[in-house]
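Asker:
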Amino acid sequence: MHNEMKQRIEKLNTNLMLKETKIIICIDEIKTLFIKADFNSKKSFFNSLDELRHLKHDYDCIKTQLETLTIYEFRH
Numbered sequence: 002m003h004n005e006m007k008q009r010i011e012k013l014n015t016n017l018m019l020k021e022t023k024i025i026i027c028i029d030e031i032k033t034l035f036i037k038a039d040f041n042s043k044k045s046f047f048n049s050l051d052e053l054r055h056l057k058h059d060y061d062c063i064k065t066q067l068e069t070l071t072i073y074e075f076r077h
C-alpha cells in the first residue's frame, strides 16, 4: 500500500508539472493575442482565457489531491 501511495504521489507531481507547463504556454499565447486587434485574434484570445480557467481548475484539483495524499502518507 505504501509503495502504491508513493507511485500515486509521483504521478500527481508529474501531472502537476505538466499542467504548470500548459498554463505557462497558454499565458504566453494570451500575451501574444492581447496585442492583436483582428476578430480572429479576439476570438482566440477569449478561447485561450477559457482554456486557462480550465487548466487552472485542473491544476487546483491535482494540487489538492497531492496535498491530501501527502498528508495521509505522513500520518500513516
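Taking the numbering used here, the leading residue of the sequence shown gets 2, the next gets one more, and so forth.
From the three backbone atoms N, C-alpha and C, an ideal C-beta is built for every residue, glycine too.
Run the CB neighbour count on C62, radius 10 Å, all protein chains shown included, and call it buried at 16 or more, exposed below.
Answerer: That one is exposed.
Asker: With a 10 Å radius around its C-beta and 16 neighbouring C-beta atoms as the bar for buried, classify L13 as buried or exposed.
Answerer: Answer is buried; the Cβ neighbour count reaches 16.
Asker: What does the alpha-carbon distance come out to for the pair L56 and R76?
Answerer: When rounded, the distance between both Cα atoms is 30 Å.
Asker: Count the other CB atoms within 10 Å of the CB of K20; is the residue buried (16 or more) or exposed (fewer)?
Answerer: Flag for K20 reads buried.
Asker: Among T22, I28, L17, which has the Cα closest to the Cα of D51?
Answerer: If we check each option's Cα against that of D51, I28 comes out closest.
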